[in-house]
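Notes follow the structure.
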């Protein structure tokens, strides 16, 4: 008597698509200990997605995963990086600095101030990648790294009585 071996069907589909209307539940708890995240369940109680933040609460990266923990994509917060390039004294060096940073993945905008010798880069890029590229041009210091949006400062108006 021969033993028959049947292939196992996959436990899940890697792409969750359906033609019917679906209701999802978001549970604001992580399935991984000591991380910040949430889990998305379908109407049958099956895990569809996990969203994990392996860093502190206000991380710049959040990972969207399938139910097996495979990262589907990463969501990054935009940051503003200000670099001081001590050798940026002329238009030629300024243009080299802009071109060096322009091809880094995630860069949205670049502004250069020749007088202050500063280069401001906004996007969801890696700050270290910017520093490495600019180091080839000359001595570079990171001045600041912060949120991309400028907080609105309330202007105090002098009232005359």
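In the UniProt record's numbering, the protein residues as written are 1 to 161. Idealized CB from N, CA, C, for every residue including glycine.
Collapsed DSSP secondary structure at residue i in the structure displayed
| i | result |
| --- | --- |
| residue 76 | strand |
| residue 36 | strand |
| residue 28 | coil |
| residue 68 | coil |
First and last residue of the uninterrupted beta strand (DSSP E) at residue i
| i | result |
| --- | --- |
| residue 23 | Run containing residue 23: none; DSSP gives neither H nor E here. |
Pair within 8 Å by beta-carbon distance, residue i and residue j
| i | j | result |
| --- | --- | --- |
| residue 80 | residue 120 | yes |
| residue 78 | residue 128 | no |
| residue 24 | residue 40 | yes |
| residue 30 | residue 36 | yes |
| residue 193 | residue 48 | Since the displayed the chain opens at 1 and closes at 161, residue 193 lies outside it and no answer follows. |
| residue 86 | residue 46 | no |
*Can you list, in chain order, the stretches of the beta strand (DSSP E) that have 3 or more residues and sit fully within the UniProt domain "HMA" (79-145)?*
79-85, 107-113, 118-123
*asked:* Under 8 Å, with one C-beta from each stretch per pair, do the region 81-94 and the region 63-72 reach the 3-pair mark?
replied: no
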